[in-house]
Amino acid sequence: MSMFRRTFPRKARDLRRYPGFRAMTWACMIFLYGPIIVIAIYSFNEIRSITVWGGFSLDWYVMAFKDELIQRAAITSLIVAVSASTISTCFAIAAAIAMRRRMFRGREGVFVIISLPLIVPEIISAVASLAFFVLVGIPLGIGSILLAHSVFCIPFAYLPISSRLDGIEPYFDEAARDLYANGWRAFTHVLFPLMFPGVLSGFMLAFIISLDDFIITNFVAGPGATTLPLAIYGLVRTGLTPEINAISTLLLGVSITFVTLSYLVGRMQARVSP
Amino acid sequence: MADVVQPALPESTKRRERAQRLLRATLLMPSLLTITAFLVAPLFIILVYSFLTPGTYGGVIWEFTPNAYIQFLFERDIFDDSLVFSTAYLGIYGRSFIQAVVSTSICFLIGFPTAYFIATRPVRQKNMWVLLVTVPYWVNLLIRTIAMLFLIRDEGPLNHTLIWLGAISDPIHIAYTYYGVGIGLVYSYLPFMILPIYATIERFDFRLVEAARDLYADRWTTMWRIILPLCRPGIVAGSLLVFIPSLGSFIAPDLLGGGKNLMIGNLIALQFQGSRNWPFGSAAAMILMTVVLVTLVFYARQQSRAKVRLH
C-alpha cells in the first residue's frame, strides 16, 4: 500500500474519496433526469403508442398549439407570470434595500414575514387563500390568481436581490452622495446598475415559480380562468396522451432555460462583484 | 438601537434618523402589507373557520363548535348520536408521517453520497454538478410527477423495457401504490436534501480526515466518527426541507397514489373541493401547520444549542 502511494501520490492518496459515491451520484442524476428525458423523447413519437417508436414527428406539438383550451391557458399563464413577477420583484427590491446592512428593531420579524410563503405548506396557503377570497368577496379568476401569485413570488425575488446587495459595499452609494447625487439619483445611477444581476435573477425565478404553480392556482382559479398547469392536470385526469408529453416538454424547456439563465447571471454577478 | 445608547444626539442627526426610519418603513410596506393581507390574514381565517359549523354547500355557518377537531378522533354514531373512537383520520396522519420519514431517509441515503462526491470535485466540475442538481429543484413539480407516472405505470416504458429484456414477465405495479407515492416524494424533494449537505461539506476542513487517517482510523470509521457528525447541520437542514413538504404534499399522492393512498394534503384538499366540509379541512390544515411549526421550533432550538456548544 505504501509503495503504491509513493508511485501514484495524487490519486491513491486522495483521502477524500469513497468507493461507490461516484456511482451513486450518476444513479442520482439518472433518477432525476430519466423521467424528464423519457417524456421528452416520447413527445416526438410519431404514433400514439407509448411502447413502440414510430419515427420522429412534431405532430403532437402542432396539435397542442392548435388546441384552443391550451392556447387560452398559455395566454393566461403568461399574463399572470409576467405581472406577478414584475410586482413581486418591485416590492422585493424596495424591501431588500430597506433591509440592507442595517440592524433595526424588528428586522428578524420582517425577514420571517417575507419568507413566510416558503415556510407555510403550499396546500395550506391554497385553502387559506380560497377561504379568504370567498370571505372578502374577491371574485375567483385571473385577479385572484394574480394576487396569490404575487404573494408567494416575493421571497423568491427577494433572496437573490438581497444576496446581491450584501455584496455591494456601502461606499459606492456614499461616493454618489458625496458627489451631490440625491437619494433617487444615487439609486438609479449607482445602486440599481450594481444590483441589476440580482434583480434579473430574482425576476426570472419569480417568473418560473409563477408559471409553474399548480396547487395554489388550482384552488383560487375559480371556474373562469385556467393556467397551463391546470390545463395539463385536467388532461392528465382523463389519461396520459402524447399531446400532454408535448406541452409538458415545452414547459420543461422554458423552466430549464430560465433556471440556467438565472444561474449564469448569478455566476456573472459573483465575478463582477466589487 | 443607537437612540438607546446615545441620549443626547444633535437635532439634525435625530431628524435624519427619523427620515431614515420613515424611508425604511415606506420601502418595506408593499411586501409586508401584501404578505400580511393575503397570507397571514387567510391563515388566521382558517384558524377561526376550524371552530365553526360547516355550511351545507361548502363555506361555514358562524356558530362556534369544536366538532371539527373531535371528528379527527371520533365518529358520531348515526343512530344514538354517541361518539365512537375512530382511527380513519388518525390513520391518514400516521401514514403521511411514516411516508414522509421514509422518503426523507431514502433522500438522505441517496443525497449524502451525491453531495459528498460533488463537494469534493474540482471547482469547474463542481459548478456543473450543482447546476445539474439545482435545475430539477426549480422545474415544474406537476410535470416532473407526470413524467414519473408516465415512466413507471404498468404499460409505461420502464415495465416495457424490463419485459423486453426478459427481467420480468408481468409488469410490476408501482404506480397507484404506496411505493409509487414514496418514489414520487423522493423524486420531488431529493435536490432539497443534496444542496444543504453540499454546502456544509464544501466548508468542511479535510485536514481533520487526514488527522483521523494518521491515527489509524479506516475510511468508514472516519466517515462515521468525523465527517458525518461534523456535517450534521447540513443533514438536519436537508432533512427538514424534505420532510416538511413531503408531509403536506399533494401532487405525488394525488397522481401516483391514484386516490387510494391519501395523505394529509389530499385530505385537506378534499374538504375544500369534494366533500366540502370547510371547518374540518381548516382543522386538518391547522394540525398540519402545528406539526410543521413544532418541527421548525425544535430545529431552531437545536441550532442555537449547537452554536453554544461550539463557543
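Protein chains in written order, with my numbering: chain X, 772 to 1045; chain E, 65 to 375.
We put the CB at the ideal spot given by N, CA and C, even for glycine.
- Chain order gives no chain X residues near Y157(E), where near means a beta carbon separation below 8 Å; the closest approach is about 14 Å.
- One alpha carbon belongs to L107(E), the other to M93(E), and they sit about 20 Å apart.
- Using a CB distance cut-off of 9 Å, W342(E) counts as an interface residue toward chain X.
- In summary, the residues of the segment 891-908 of chain X whose CB is separated from some CB of chain E by less than 8 Å are V891, P892, E893, I894, I895, S896, A897, V898, A899, S900, L901, A902, F903, V905 and L906, in the order they occur in the chain.
- Scanning G158(E), G312(E), W126(E) and L96(E) for the CA closest to the CA of G880(X) turns up L96(E).
- Within chain E, no C-beta atom comes nearer than 7 Å to that of G1010(X); the closest sits roughly 11 Å away.
- For the segment 954-980 of chain X, the beta-carbon criterion of a distance under 9 Å to any beta-carbon of chain E is satisfied by G954, L976, I979 and I980.
- Under the DSSP assignment, F336(E) falls in the alpha helix (DSSP H) whose first and last residues are I328 to F336.
- The DSSP-derived three-state label of F115(E) is coil.
- It is roughly 7 Å from the alpha-carbon of T264(E) to the alpha-carbon of P297(E).
- Only residues of its own chain outside the window of five on either side were considered, and among them T209, V245, G248, L249 and S252 have a CB closer than 7 Å to the CB of A316(E), listed in chain order.
- Rounded to whole angstroms, the separation of the alpha carbons of A869(X) and I308(E) is 30 Å.
- The segment 211-225 of chain E makes contact with the segment 1011-1024 of chain X; the number of CB pairs closer than 8 Å reaches 3 or more.
- Residues are counted here when their Cβ sits less than 8 Å from a Cβ of chain E; for the segment 805-837 of chain X these are G805, P806, I807, V809, I810, Y813, I821 and T822, given in chain order.
- Checking the DSSP bridge columns, you'll see L147(E) partnered with R140(E).
- DSSP lists no beta-bridge partner residue for G805(X).
- When I162(E), S160(E), L86(E) and L137(E) are compared, the shortest CA-CA separation from S150(E) is found for L137(E).
- For the segment 821-876 of chain X, there is no continuous beta strand (DSSP E) assignment of 3+ residues that stays within its boundaries.
- Taking the CA atoms as reference points, V306(E) sits about 28 Å from L1011(X).
- Collapsing the DSSP output to three states places T184(E) in coil.
- In this structure P941(X) is in contact with R872(X), their Cβ atoms being roughly 6 Å apart against a cut-off of 8 Å.
- Three or more Cβ pairs closer than 8 Å define a contact, and the segment 1025-1038 of chain X meets that threshold against the segment 968-976 of chain X.
- By DSSP's assignment, I125(E) forms a beta bridge with T117(E).
- Distance between Y1004(X) and G329(E), taken at the CA atoms: about 17 Å.
- In the three-state scheme derived from DSSP, where H, G and I count as helix and E and B as strand, N1016(X) is classed as helix.
- As a beta-bridge residue in DSSP terms, N816(X) pairs with F827(X).
- Here Y363(E) is near L304(E), since their CB atoms are less than 9 Å apart.
- Secondary structure note for G244(E): its alpha helix (DSSP H) is the uninterrupted segment Y242 to E266.
- Contact check between the segment 846-863 of chain X and the segment 910-926 of chain X: three or more CB pairs, one atom from each, fall below 8 Å, which counts as touching.
- DSSP, read as helix, strand or coil, puts L950(X) in coil.
- The beta-carbon distance between S900(X) and F102(E), rounded to whole angstroms, is 7 Å. This is short enough to meet the 8 Å contact definition.
- Proximity of chain E to V881(X) at the Cβ level (cut-off 7 Å) is accounted for by L92 and L96, in chain order.
- At a Cβ-Cβ threshold of 9 Å, F268(E) and C295(E) count as neighbours.
- Per DSSP, the unbroken alpha helix (DSSP H) holding D278(E) starts and ends at R271 to D278.
- Neighbours of E266(E) in chain X, taken as residues at a C-beta separation under 8 Å, are lacking, since the least C-beta distance is about 12 Å.
- Take T286(E), set aside five residues on each side of it, and the residues of its chain with a beta-carbon closer than 8 Å to its own are V273, A276 and R277, in chain order.
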